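If you read the sequences in order, they're chains A and B. Counting from 1213, one number per residue, gives the positions in the first sequence under the numbering used here. Counting from 530, one number per residue, gives the positions in the second sequence under the numbering used here. Ideal placement from N, C-alpha and C gives every residue a C-beta, glycine not left out. None of these values were measured; they are calculated from a predicted model. A short worksheet on the structure shown next.
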Amino acid sequence: MLFSIVFFFSDNQIRFVKAALWYYGYDRPELYRLPSDGSAGSRELLLAFSWLLHRISLLEQLLARNRVKTGDETSVCTCEDGLPNSLKGTTEKAPEHGLEGGVDVRYLQWLNGRLRFQWRSLHAQHEEQCKLLHKIHLFTSGSHVDQILGHFSVTETDLVRQPENYKQLLQLLESETMQLEAFLEWKQLEPVYWQWMETVLDNMAEEGNTCESQDARVEGSGLPKVASCCPWADSLTGQIDKLSRDLTTLREQLHKLTTRRKAAWCEKVKTREEELQKEGFSATARKIQESVELKLLDLTYLCAPPQKRMHGSHRLVFRNKHPASKMGFGRSVSKEPVSAVSATEVIRELQMTEASLERELKQLQEECRQRLDEVAEGLDGVICISP
Amino acid sequence: MNPQSLGLRQTAATGALPPLYSQPSRPRRAGGRGPCCLRLAAGGESGTGQRERGRAEGSGAGRAADGAGPCRSAAALLAALGKGAERRRELEQRAARSWALLRCWSSKEEEQLQPEAGSSNGQENKPSPKELEELELLNRALEKVLKVRKSILKTPLEAQGATGEKSAGEGPAPKNAEKQQVPVPVEDVPMSTKVRAVSKRPASLKKPSPYQLKAPYRTDPEVKKLQRKALSRCVSRGPRTAGKSSSKGVVCKQRRSPTRAVSASDREVCAPAEPQKAPGSSRSALNAQQSFSIEDSVGEKNSVAAGRQLLDAGKKSCGFLGESSKKENPTAEGALGRSTSPRRVTLQEKGCQLKLPLPYRKAYFRNSRAWERCRLCQTSADAAAARNRFIERIQTTFCSPRPAFSPAEVEEELKVLQDVLSLLSQYMEAEFADHPTLQREYESLLTLEGLQTTVSQCLRKLQLLQAGVEAQRRLHPDCAVDGGSCFPACVPSRGQMCDTAGMLAVPLLCYSSFQELRDLFALKLQVSMLHQEIALQKVMMAELLPVLEAWPCPEASAVQLYRAVYTQLCEGGKRFPVLMRDELAD
């Protein structure tokens, strides 16, 4: 047995596991019928685990996510930022200041001002950080034994200077190496594992047929017919609605623009039809058609997954625009030992995200403006002129 | 336009505003010497008078509408501040480490000289007494200014100059030189925007000559005129960079040697809130240490870069007042490296000859070879066959009919569609331009039609997704977990699952220039900030709007609350609307 799994379950953990499995599309009813105290169902769990192993490439993901970081790591996605609980901070309790009964709006303004100031300082700090990083990368170019990297990271530079501080890093590296070797062993034994899983499934099917089939017929799917509430579904419905509204608006705008353009086009073409035929416009038209299709290929490609999205933390590497110059990629890069993402791509994605977020913020502000305009009408004798 | 013709009038003199929302019997808080306590949705008041009860009812309505407790905005803001402070601390640590590497490669003693006070302790939850004092000064100064303006407005000739000065003087405070007609109860203006710029007002009022010097906005490179220069710079930048730079949001840099001739465009020091003493003190502090020093502004400490002009302050969105030329920096760095001590070795010199220690090198090699082997290791055919058999069989036991999309897939598709929407918008914007030639027009037409098809496809897809969501809602297990919090954020797409080898490859992010790196980080920060802003906006909308909308009987003093809320919700706290009393109706 490669793994010795010891199960200690708490109620929350069980619910978490069920939710996670549901999230990835595991629809086996027996699992969800398991009691919440962990007293039964270790085989169901084993089946679920095996399914998940395959479904999300669990082992590879774990290895990749827990990779020992020796470089200057930065994430290439902004997934964490969009989490709804990003605002739940360490200070869950209400601030002590003046809250016997209310919140002074000036206090909120003050806090907001401080927050904006803080962001500016963060900007400055980040700039400084970039400068320092870049310098270190520049100065240590050519030193790294790994030619793909080419230069040291801050950690590695510090390691050269003060090796005694980094004993733990070494240990982590070595334990990771052992994990990787265990993974290789697992790959060898994989067939055995899956065959074993099939036998487990067989056994359970046999047992299940005798006793559980009645319950199944009674309950139907076995899963609760109407969940009490599903916040995930609510949130997603909200997102879908919003997206649908945006798309509908876009469609209307496009429609207007197209009709206008078409009318203009027809006008133009009417008078010049013969002339165009002489020039062989139809051939040109075909070429234009092809080029437009190419241009829109981006879109269709996007619409059809699988789409490779970049995620997770990557190591920053400085590479001049002329690679393979002095560094010389000696090793054959037949299968690309690195998955290198260029900063340009990331920047482009970030710009798109930024634009859409700004749009969203402006929409929210516009909504507030409308509602406040209504309030203003109720205010006696005061006119509000927006800046 | 003479303001008086519109029948404008300041809504209140100082000190006489009735409290808007709280009970008058309640002891005043420290922050509210003025009576303008704009309180929201008070809870648990034991009202004594009819009026209070009336208000309480109104507040009850407001509270019910928001449903989430009155302090949620404040708590959210504080949480955001806390997170920001954490990030700053992290960054400071990392920066300290990098500094150590760059500066004192060979000697380790110099590290202790780094002042420990680099940590910011701006964690107070309320303004400090000092700030409140400054606020008092501010109020008085503003009153004086108003009096001056009143007298000036009497003569039309002077009015020209005065309004020019006035707008210059008030420039930093409302970012677009708008005259606040309801200005006097200053307490309801965010302190941080006022304290910095306007606290210079007392000083400048005493010295009329620098005050008038502001008009041509001359910048003075001399050291002694730091304060004035900073003042004029603050003011001159105010109207121009409206909405972006606030006079408070300036990180200051310090030149290393005051004797060095520096053009105003290169270096900038902005005097902090205390006009007279701060430049001197900051200068001396920085000169002493050549390292991080602290400036106390608005009760928060922000770190100031040291005398090594390695900071590039070109980013205008940071509110940096001034650009620094990057070209200077490498030479400065080299010069400094040489000038400090000829025997001290810097990373710059030794960098390319460094060697990793042997044990690490060995471990690193073993590790990377192991990764490579794992990456290249394929699933054997037997294993693949056995696995597929198992998966097929277990999926036959799933409840049927199976929904078209698993929740993970729904989210994934949704993200894809959101990206498509952005792209579509971009493409459409591109086609708004006029096209000179016939070919271009034809192309544009075809593009637009293509876009329309795509939009329809997306809408259809959305309907499918919605159906999928409903199907999943039915199947949702009875788990009362925090919706959304248990699901991982960074979920690789289905496509990536197949590419397990790609998962095991070394993930690298390659940048080709310092500019790229900078842009990358700036954008990431911007996206984070926007996410937070949106979340805060939603929280505040839910809390503040119902209060105003449920207002039973708006009084004159409700106006301030209205303006504050308007500023916060509609302008991001940066610009103020002008509220005018409609006297003509009389």
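Under the three-state DSSP convention, the category residue i falls into
i: S1456(A); result: helix
i: F1329(A); result: helix
i: E1479(A); result: helix
i: E1397(A); result: helix
i: R1110(B); result: strand
i: D1585(A); result: helix
i: I1360(A); result: coil
i: V677(B); result: helix
i: I1268(A); result: coil
i: Q995(B); result: helix
i: Y1238(A); result: coil
i: D963(B); result: coil
i: W1080(B); result: coil
Under 9 Å by beta carbon: chain A residues contacting residue i
i: D963(B); result: Here the premise fails: no neighbours, minimum Cβ distance about 10 Å.
i: T976(B); result: V1504, K1507, L1508
Beta carbon proximity, residue i to chain B, threshold 7 Å
i: R1245(A); result: no
i: F1261(A); result: no
i: V1412(A); result: no
i: G1253(A); result: no
i: V1504(A); result: yes
i: E1386(A); result: yes
i: F1225(A); result: Per the sequence shown, residue 1225(A) should be read as Gln rather than Phe. Chain B contact via Cβ: absent.
i: Q1330(A); result: yes
i: I1452(A); result: yes
Residue i - partner residues in DSSP beta bridges
i: P1036(B); result: S1551(A)
i: T1286(A); result: H1526(A)
i: I923(B); result: According to DSSP, I923(B) bridges with nothing at all.
i: I1597(A); result: V1107(B)
Beta-carbon neighbours of residue i, restricted to chain B and to distances below 7 Å
i: K1281(A); result: Within chain B, no residue comes near K1281(A); the closest Cβ sits about 10 Å away, beyond 7 Å.
i: K1347(A); result: L631
i: Y1236(A); result: S935, A937
i: L1562(A); result: L1052, K1053, V1056
Below-7 Å beta-carbon distance, residue i vs any chain A residue
i: A603(B); result: yes
i: A951(B); result: Checking the sequence, you will find Ser at residue 951(B) rather than Ala. Yes, because at least one Cβ of chain A sits closer than 7 Å to the Cβ of S951(B).
i: R678(B); result: no
i: R1047(B); result: yes
i: V1076(B); result: no
i: K708(B); result: Model confidence at K708(B) stands at a pLDDT of 38, short of 50, so the residue's coordinates are unreliable; what they give is reported in the following sentence. No, K708(B) lies away from the interface with chain A (no Cβ there is under 7 Å from its Cβ).
i: T1029(B); result: yes
i: V998(B); result: yes
i: I1063(B); result: yes
i: A959(B); result: no
i: L993(B); result: no
i: L610(B); result: yes
i: L988(B); result: yes
i: N668(B); result: no
Chain A residues whose Cβ lies nearer than 7 Å to that of residue i
i: S954(B); result: L1462
i: S657(B); result: Neighbours of S657(B) on chain A: none; closest Cβ ~11 Å, over 7 Å.
i: Q622(B); result: The contacting residues do not exist; Q622(B) stays about 11 Å from chain A at best.
Neighbouring residues, chain A, relative to residue i (Cβ below 8 Å)
i: P886(B); result: L1371, V1372, P1375
i: V874(B); result: None at all; the shortest Cβ gap to chain A is about 11 Å.
i: V984(B); result: L1459, L1462, R1463, L1466
Interface residues of chain B facing residue i [CB-CB closer than 8 Å]
i: N1415(A); result: Those within 8 Å of N1415(A) in chain B number zero; the least Cβ separation is about 13 Å.
i: R1583(A); result: L1074, E1078
Chain B residues whose Cβ lies nearer than 9 Å to that of residue i
i: R1399(A); result: According to the sequence displayed, residue 1399(A) carries Lys and not Arg. Chain B residues near K1399(A): C903, C906, Q907, T908, S909, A912.
i: G1354(A); result: G880, C881, Q882
Using 8 Å as the threshold, is the region 987-999 of chain B in touch with the region 914-929 of chain B, meaning 3 or more CB pairs across them?
With a cut-off of 8 Å on Cβ pairs, the region 987-999 of chain B is not in contact with the region 914-929 of chain B, counting fewer than three such pairs.
Would you call the region 1490-1510 of chain A and the region 1255-1275 of chain A touching, i.e. three or more CB-CB distances under 8 Å?
They do not touch, by the three-pair rule.
Given 8 Å as the limit, is there contact between the region 906-915 of chain B and the region 1398-1411 of chain A, that is, 3 or more CB pairs closer than that?
The region 906-915 of chain B makes contact with the region 1398-1411 of chain A; the number of CB pairs closer than 8 Å reaches 3 or more.
Are there three or more Cβ pairs, one per stretch, closer than 8 Å when the region 654-662 of chain B is compared with the region 1373-1388 of chain A?
Counting Cβ pairs under 8 Å, fewer than three are found: no touch.
Three or more C-beta pairs closer than 8 Å, one from the region 1472-1488 of chain A and one from the region 1026-1041 of chain B: is that the case here?
The region 1472-1488 of chain A makes no contact with the region 1026-1041 of chain B: fewer than 3 CB pairs, one atom from each, lie closer than 8 Å.
For the region 891-908 of chain B against the region 950-968 of chain B, do three or more pairs of beta-carbon atoms, one drawn from each stretch, fall closer than 8 Å, so that the two count as touching?
No contact exists between the region 891-908 of chain B and the region 950-968 of chain B.
Would you say the region 1556-1567 of chain A touches the region 1062-1076 of chain B, given that touching needs at least three Cβ pairs under 8 Å?
Look at the beta carbons and you see the region 1556-1567 of chain A not touching the region 1062-1076 of chain B: under three pairs across the two are nearer than 8 Å.
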